[in-house]
Amino acid sequence: MSAGALDYGALKETDPALEEDAWSVEDASLALVEMTLNAATRGSDLSVTQLRVLLAVDRHGPLNLSGLAALLGMSVSATGRLVARLHTAGLLTRLLSPHSRREVSIDVSETGRRSLERIRAARRGHIAAALRHMPADSRRTLARTLRELTAAAGNGLGEGGRRVGRR
């Protein structure tokens, strides 16, 4: 494992408080995933797998096909089929790489960005509805703590929870 990399294997800690905290964070993350899926299924015609591809390209792109497949843990052929469908739907762009005529650079199109923003707006609405049930101080503490967790996980969010170096 490289320096600074996290061990995502089974929880090997014997600290009961850490284990309980991990369960609590997992439970909260599942609630957030549910909110995301609810927002996606009500706001678009995308399958969960298509949404996953679109989100991965938006978050980490532009990417080549093999890089996207590795990121998703999928075969290059299955990823290629998904990219082709999303490209046909106008949600992704495929451009020849300036470095190699055989390599294609995949990115989110403007239509794809608008679709993702609609889904994200719906998800933020679901999240805001849940946050309304919390005291303001608790909400601010939660947001700060989640930024710290995101930074510890290495997901590239900067101060204020905004993506660093991406749209």
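In our numbering, the protein residues as written are 29 to 195.
Backbone N, C-alpha and C define an ideal beta-carbon position, used for all residues, glycine too.
Item: For Arg172, does the three-state DSSP call read helix, strand or coil?; Value: helix
Item: Helix, strand or coil for Arg122 per DSSP?; Value: strand
Item: Verify whether the separation of the beta carbon atoms of Ala112 and Leu99 is less than 9 Å.; Value: no
Item: From which residue to which residue does the beta strand (DSSP E) around Asp43 run?; Value: Neither: Asp43 is in no beta strand (DSSP E) and is coded neither H nor E.
Item: Quick one: which unbroken alpha helix (DSSP H) runs of 4-plus residues sit fully inside the segment 74-106? Chain order, please.; Value: 76-88 and 93-100
Item: Can you name, in chain order, every residue of its own chain whose Cβ lies under 6 Å from the Cβ of Leu123, other than the five neighbours on each side?; Value: Ser133
Item: Using the C-alpha atoms, what's the distance from Arg167 back to Ser52?; Value: 16 Å
Item: Run through DSSP, which three-state label would Gly189 get?; Value: Confidence in Gly189 is poor, its pLDDT being 42 and thus under 50, which makes the residue's placement unreliable; the coordinate value appears in the next sentence. Helix at Gly189.
Item: Going by the DSSP bridge assignment, what does Asp135 pair with across the sheet?; Value: Thr121
Item: Mind the definition here: the segment 63-73 touches the segment 130-148 only if three or more C-beta pairs lie below 8 Å; say whether that holds.; Value: yes
Item: So for Ser128, helix, strand or coil by DSSP?; Value: coil
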